[in-house]
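Written below as structure tokens is the structure these notes are about.
Residue numbers (my numbering), protein chains in the order written: chain W, 1 to 378; chain L, 1001 to 1643.
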């Protein structure tokens, strides 16, 4: 009994000490647990997908370290600071995108990176944070829902960087940038009638535009929308990933036993198509566990956003939380053949890129907004 | 105001968050649905696909059967050589790859287009040979540039080896790379991995038996089709099926006999065919000039090929099977048998030969082939000394129909049925044939003079050396005939030779033993005191033979024929047929020397050397190894006309 009490109190002490540390760091415990579990899952899968490469694991850990640093730093930033930072960050991002596009134009090739000597750096990643920040801060000073004049400004804020990124061309990132901005506008209460109208206008424009396209352009769009019609080209990825997922079955073939992944049939298996590796090696159950983890993180993030105070904080927080799941849906959709192939990584699971840092930075902002709620209230 | 705003904003957030979560929930359900479809409903389908993906069947070519002579001596075997093979689906730029190979000198520029067609007609994952038998230097050249040639591999494969070079090439045939035409005929999957296919002779006729069954080995491959070792804990169940080697063929051919025949014919254009009259076994089959079969298995360049095809000596022509010539006097034994059988000849009666023959009521003069007179000759003398006048008269009495019917019993004008393809039937002329062969009515008439010429094997009559050997075998066996065969049987897995039974052919019937004896005496006479006395003089066995001279052009009525004055190409073809030992024949032979002049001097000694090689089973006696080209001194020309 006494021993139990001792253990109990020891546990309670450890717990409270952790809680105090977290609150000092302005981090959220449940969200951190979710992210930690997801990271462990990522390392297990990456080890298999990379062909048992320890170097891959070390590089991933290094990126997570950088991301964690950014998360802690941003968690300490107050909403007011972030709000004042938004225009500068956005402006700098646009400038860098223009530079990258110019270099790409001169070099006659796809260009996404800015080589700063020590690190290579993707300016488009900045925009994933800068766009919702600027959009949220714009709406912070205005009445919700946005009227049509505000809507035009917001559209400009969102479409300019998305278009620049799409020209690189990096369709996946462009879609995500558009999604973060659009989510701010949607969460700000854009009327359903307007949403419906825009959707109809978009469809109409697409139908009219279709008539003006050349045959080869139509063919490219058809293949984009239905990759399976081009089994040796872009459809190859989808066919192989469907084989991988389908052959995994309910329980999977086992860790490091996926023949599709291990024998190189699955392209980009440790990056954009890692979802298929999970499907093959861990089966449907492995994917459900993954989706539950994502849903848990999403729910906690949405909770944090809804509890934070101020229009800016709530809009930004909700946009960041929901964008995280948009990643999941687009990636899973394209790997399973539900959506066209755009280069979107599976958040925190795919190897490489700067998206890990950006995502963790986004969660840092969310936690900061939540932890600063009382300060704003008082 | 502020509070009201906040309340309004709170309402918007809540409803929008709810809507967003609802949409996310619905989309997640859609995703789950798709996953369940892929992983549960279609699981078996995709599992099968994934297994097909990682395992590829790599063909293992069966080793081609050997070709042995009748005593099991190896005539054709296999040896390893390096070759270039290309897999279409692994070659990113096929035309460019072939162009660069041509630039490196590894393939010929003119072969690129045919190669492309061949590559495209095979399955995309088949490894198609594009260049055979690389030299060490070429292997090195390719190795240096290997990185430029994705999908092209250097592979060691078995290739055909002909240890005796040109020996028997027209009987054995050769192998060459599988061509577009071959692809239409063969079972393509069965030939996956096979480089060479038989093109002629035994190699072609017995292709299915020689080829065997290719095996396969399942290998683990990655998406690029490269063979990989298994990774992770993945344990594949890889199956393999060993190839079944082709059957070893045992030929009827006797190597020393074949060698003797090759040596005897030497540089002459011509052919020698030797048969075992008791069963149709082809003991030797030579056609000169020949060619080196290994040229084809390595792949001929266009210029090498045109050299072969444009050569006026026609080395690719199988003279033994496809060369057709007038039989000359070698037909006379058959004529004699016809005359005896139709009771037109009294063997005792001596006809007078004054050197020329007239048909009744005609001034046209049929002369002895070489001029001269034989004086009084009976049937045996007429055969032994090849008296044309005797046979002119006999032919005129027999008439063309009876001659043709009788000659047909000895296989003249029809295929012998030898077990390799390409044989020609020659021509057995009849009035019926003449009506069909000529367009102008005046040409369609059969003239009595043509019958007279028929009697000494001139005119329209055409035979092949194989046909004459076949006829000779039938003479030796007194009417019994067997289908000639090059392949006697197969050697089974235990090394035991399994012989096929001889196949009887329709022979000659209704000829009395006495008549056979008479003709035999005439033919023995030819090699003892007649036209071919030279070769019988010191033989340790008795030979029954008959010389023949096939006219290349007709001698003008009053011109004096002189072999030395006409161009070599216009000289007569020399024939000799024989069987031995005369009492119990074991070998029947026909020898043709194109433009050799007289059968007695040009062809008969060659036959003797071949028979010696077979019957005495040792080197031929020195006395008979007279160089074939030289005209032997003291040839029986004094006897007047000899054929």
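Quick reminder that beta carbons are idealized off the backbone N, C-alpha and C, glycines included.
Computed from a predicted structure; not experimentally measured.
- Scanning L:1484, L:1511, L:1495 and L:1509 for the CA closest to the CA of residue 1501 of chain L turns up L:1484.
- In the structure shown, residue 238 of chain W adopts helical secondary structure according to DSSP, grouped into three states.
- With a cut-off of 8 Å on Cβ pairs, the region 126-134 of chain W is in contact with the region 79-94 of chain W, counting three or more such pairs.
- When secondary structure is reduced to three states using DSSP, residue 103 of chain W falls in the helix class.
- Excluding the 5 residues flanking it on each side, residue 38 of chain W has same chain C-beta neighbours closer than 6 Å at 293 and 348, in chain order.
- The beta-carbon of residue 259 of chain W is placed less than 8 Å from the nearest beta-carbon of chain L.
- Nearest C-alpha to residue 1430 of chain L among L:1152, L:1424 and L:1450: L:1450.
- Residue 1254 of chain L is not a Cβ neighbour of residue 1213 of chain L, given a cutoff of 8 Å.
- For a Cβ distance threshold of 7 Å, residue set 302, 306 and 318 of chain W lies close to residue 1017 of chain L, ordered along the chain.
- Residue-level contact check: residue 279 of chain W touches chain L, since one or more beta carbons of chain L fall below 8 Å from its beta carbon.
- Distance check between residue 71 of chain W and each of W:366, W:244 and W:372 places W:366 closest, using alpha-carbon atoms only.
- For the pair residue 1524 of chain L and residue 1574 of chain L, the CB atoms are not nearer than the 8 Å cut-off.
- Within the region 31-64 of chain W, 48, 51 and 52 place their CB atoms closer than 8 Å to a CB of chain L, listed in sequence order.
- Between residue 135 of chain W and residue 100 of chain W, the CB-CB gap reaches or exceeds 8 Å.
- If you check the CB distance, residue 1333 of chain L and residue 1458 of chain L do not come in under 8 Å.
- DSSP places residue 1150 of chain L outside any beta strand (DSSP E), giving it a letter other than H or E.
- Among the CB atoms of chain W, one or more fall inside 8 Å of the CB of residue 1024 of chain L.
- Within 9 Å of the CB of residue 187 of chain W, the CB atoms of chain L belong to 1012, 1013, 1016, 1017 and 1020, in sequence order along the chain.
- Taking 8 Å as the CB threshold, residue 242 of chain W lines the interface with chain L.
- Around residue 1613 of chain L, the same chain offers 1256, 1257, 1260 and 1620 as residues with beta carbons nearer than 7 Å, after the five sequence neighbours per side are excluded.
- Residue 200 of chain W carries a helical assignment under DSSP once its states are collapsed to helix, strand and coil.
- Taking C-beta atoms under 8 Å as the contact rule, residue 1167 of chain L and residue 1262 of chain L qualify, at a distance of about 6 Å.
- Check the Cα spacing between residue 1400 of chain L and each of L:1291, L:1448, L:1611 and L:1474: the tightest is with L:1448.
- Contact annotation: the region 1161-1180 of chain L touches the region 1111-1120 of chain L, with at least three C-beta pairs closer than 8 Å.
- Within the model, the alpha-carbon separation for residue 1329 of chain L versus residue 1455 of chain L is close to 8 Å.
- Residue 1431 of chain L carries a helical assignment under DSSP once its states are collapsed to helix, strand and coil.
- From the beta-carbon of residue 314 of chain W, the residues of chain L found nearer than 7 Å are 1013.
- For residue 1283 of chain L, the enclosing beta strand (DSSP E) covers residues 1282-1288.
- Look at residue 1423 of chain L here: in three-state DSSP terms it is coil, with no helix or strand label.
- Assignment of beta-bridge partners to residue 1082 of chain L by DSSP yields L:1156.
- Here residue 1354 of chain L is exposed. Its C-beta has fewer than 16 other C-beta atoms within 10 Å.
- For residue 325 of chain W, the C-beta contacts it makes with chain L under 8 Å involve 1024, in order along the chain.
- Under the DSSP assignment, residue 334 of chain W falls in the alpha helix (DSSP H) whose first and last residues are 311-336.
- In the displayed model, residue 1576 of chain L falls within a strand according to three-state DSSP.
- Per the Cβ contact rule, the region 1143-1160 of chain L is in contact with the region 1092-1101 of chain L (3 or more Cβ pairs under 8 Å).
- For residue 1268 of chain L, the closest alpha carbon among the candidates L:1595, L:1006, L:1609 and L:1610 is that of L:1595.
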